[in-house]
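If you read the sequence shown in our numbering, its first letter stands for residue 2, the second for the next number, and so on.
Cβ atoms here follow ideal geometry from the backbone N, Cα and C, with glycine treated the same way.
These numbers come from a predicted model, not from an experiment.
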Amino acid sequence: MCLMIPPIVVMLLMLHLLPEIQDSSICFLTSKSWITLSNTTQVPLQIVYRHQNLFHYFPALTQALESLFVLEGIKPVSQQLIHEPDLHQIKGFCQNMGLGFASTSTGGSWHLAMLSHNQETADHALFYAAIGNHQRLGETLGYPPCCVRNYLGNVKKVASEAEYGLLGSLRNHEVPFVMNYLLRSADVSILSHIPCSFDCSSSLHLAEKAYACVQKHHPQLAQYLKQHLSGPIVLHDQGVHPLRGYSRVDDRIYYTNAEQLKESAMNAVFSRCDNVHLVGKNHLQLCQKNHVVDELKDNVRFLLFS
Ligand SMILES: [Zn+2]
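Okay, here's the thing in structure tokens:
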């Protein structure tokens, strides 16, 4: 079976994943054998499950984690885009682990694959993707109904996760770090779906269970994820800007480095500045000391993951 993946399916997969994988500038965590914690300690990157290191099979951290969540019964199905050269070994891994595996070519050198506890569920998920039944696909993947509904209602209005993140309500700008799905393009995420809002309690429940699973299998990797997913992020319709080395003084967030995830005209401005002035809920000033270099209004949100 060969199909053209409908746009919504790719969106459910996280829209950017395919082009980002093809971008050789992206360095996947699993291309390394070690991870470095903030205290500069280096620890081996491995999750051994029934004598197999998951990172020998899966090229991306998020893929390895999602497969772990299926093995541990936290997720019913993991939907993944697999590059042709990795397909055979991942299929073999699933067979060895007794997982169901179903895949289909997307037309290029990529395959849409479903990994599940049983073959029938993997087949069903692939079938729903093939016929474009996104409601059933979302349910089969175990995404919370509120998030599936919200996604279907909004997907045509947005072109990126950054824009999606601007939708929906937010009680305040402090969000549990496990809900940070905005760094998935850097292959760092615990959630595998886009929550209906940063306040979604069903998504938080799933994310906490998944994080506890990582803690159980690889405490240092859990620490690494927490370090990377925590901290302030400025989100606007053109991009996502994590601010590293931050400190807060009243309504100013000082930072030493603004991470660049994607090409954005704002990257150079964030690099030039050293603090963000929180003027209002949808109004930020990018400053160099007290000098205002640029402003973001309306389609902007400040989030503090902790
Ligand atoms: Zn939700």
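For the beta strand (DSSP E) that residue i lies in, which residues bound it at each end?
i	result
residue 103	101-106
residue 159	Residue 159 -> no beta strand (DSSP E), and no H or E assigned at all.
residue 37	35-37
residue 250	248-250
residue 293	292-298
residue 71	It is not in any beta strand (DSSP E) - residue 71 instead sits in the alpha helix (DSSP H) that spans 62-72.
residue 276	276-281
residue 253	253-255
residue 45	43-45
residue 197	Residue 197 -> no beta strand (DSSP E), and no H or E assigned at all.
residue 184	Counting along the chain, residue 184 falls outside any beta strand (DSSP E), and DSSP gives it neither H nor E.
residue 287	284-289
Can you name, in chain order, every residue of its own chain whose Cβ lies under 8 Å from the Cβ of residue i, other than the five neighbours on each side?
i	result
residue 246	256, 257 and 258
residue 141	77, 78, 122, 125, 126 and 129
residue 283	298, 299, 300, 301 and 302
residue 288	253, 274, 275, 276, 277, 278 and 294
Considering only residues of the same chain and omitting the five flanking positions on each side of residue i, which have a CB-CB separation below 6 Å?
i	result
residue 176	199, 304 and 306
residue 28	Low per-residue confidence applies at residue 28: pLDDT is 39, beneath 50, and the placement is therefore not dependable, though the value from the model is reported in the following sentence. Correct list: empty, nothing qualifies.
residue 94	58
residue 120	101
residue 165	159 and 195
residue 81	64 and 114
residue 229	189
residue 193	67
residue 219	48
residue 112	83, 88, 104 and 106
residue 252	279
residue 268	261
Quick one: residues in its chain with C-beta nearer than 7 Å to the C-beta of residue i, no 5 flanking neighbours on either side, listed in chain order?
i	result
residue 137	129
residue 51	98
residue 187	262
residue 37	43
residue 149	136, 139 and 140
residue 231	178, 306 and 307
residue 224	38
residue 214	69, 70, 73 and 75
residue 174	303, 304 and 305
residue 238	163, 164, 167 and 300
Give the straight-line distance between the Cα atoms of residue i and residue j, rounded to the nearest whole angstrom.
i	j	result
residue 226	residue 66	11 Å
residue 105	residue 114	7 Å
residue 64	residue 243	22 Å
residue 23	residue 262	For residue 23, the predicted model reports a pLDDT of 35, less than 50, meaning its position is unreliable; a value from the coordinates is still stated below. Between residue 23 and residue 262, the C-alpha separation is close to 15 Å.
residue 300	residue 161	13 Å
residue 293	residue 279	12 Å
residue 73	residue 296	46 Å
residue 143	residue 190	17 Å
residue 181	residue 96	32 Å
residue 88	residue 183	27 Å
residue 139	residue 107	19 Å
residue 271	residue 171	24 Å
residue 286	residue 197	27 Å
residue 61	residue 46	12 Å
residue 134	residue 290	52 Å
residue 40	residue 264	30 Å
residue 153	residue 147	10 Å
residue 240	residue 167	11 Å
residue 216	residue 207	14 Å
residue 90	residue 56	12 Å
residue 116	residue 85	16 Å
residue 34	residue 222	12 Å
residue 281	residue 212	33 Å
residue 235	residue 250	17 Å
Mind checking which residues open and close the alpha helix (DSSP H) that includes residue i?
i	result
residue 239	That residue, residue 239, is in no alpha helix (DSSP H); it is neither H nor E in DSSP.
residue 209	202-218
residue 304	No alpha helix (DSSP H) contains residue 304, which is instead part of the beta strand (DSSP E) from 301-306.
residue 268	268-273
How about residue i: is its Cβ closer than 8 Å to a heavy atom in ligand 3?
i	result
residue 231	Only ligand 1 can be found as ligands here, which leaves ligand 3 out of the picture.
Which residues neighbour ligand 1 when neighbourhood means a C-beta less than 6 Å away from any of its non-hydrogen atoms? List them by chain order. Cβ atoms closer than 6 Å to ligand 1 belong to 145, 147, 148, 196, 197, 201, 203 and 204.
Could you tell me which whole beta strand (DSSP E) segments of length 3 or greater appear in the stretch 82-138? 101-106 and 111-117
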